[in-house]
Amino acid sequence: ALQKDLADTKENYNEALDTIWMLVCAMLVFFMHSGFSLLEAGCVRFKNTQNILAKNLCVVTIGFLCWYFIGFPLAFGVPTASSPTKFAGSNNFAMD
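The letter at position 6 of the sequence shown is residue 6 when you use our numbering, and the numbering goes up by one with no holes.
So, in structure tokens, the structure goes:
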């Protein structure tokens with residue numbers, strides 16, 4: 001019984017660490033986008049700065065929406081029994 005509890009605790013701990021690591025990486029990507037926006041804004045004339053920042057905001061928004069509707073289900077969706085391969089998930093598109 002103690003071995004089973006230890007294995008369950010270790011599994012839960014590993015899952016928590018994986019989740020934290022994914023959140024940290026996602027945060028770093030969003031900070032990378034903001035840094036790149038500032039770099040681009042610094043490389044253009046003052047009159048074009050607002051357009052560059054709006055373009056980068058659109059890029060981040062479209063990227064997030066594409067991940068939400070298409071990327072997440074393919075990466076983490078559970079393949080159904082009718083799918084021929086288990087390469088990608090085939091459910092939870094737009095979180096059903």
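Quick reminder that beta carbons are idealized off the backbone N, C-alpha and C, glycines included.
- Assignment of F76 by DSSP, reduced to helix, strand and coil, places it in the helix class.
- Under the DSSP assignment, C58 falls in the alpha helix (DSSP H) whose first and last residues are T49 to C66.
- The segment 29-39 and the segment 52-65 touch, with three or more beta-carbon pairs separated by less than 8 angstroms.
- F87 sits away from P73, with the two beta carbons spaced by 8 angstroms or more.
- Inclusion of G71 and G89 in the CB contact set at 8 angstroms is not warranted, their separation being larger than that value.
- Residues of the same chain with a CB within less than 8 angstroms of the CB of T49, apart from the 5 flanking positions on each side, are A41 in chain order.
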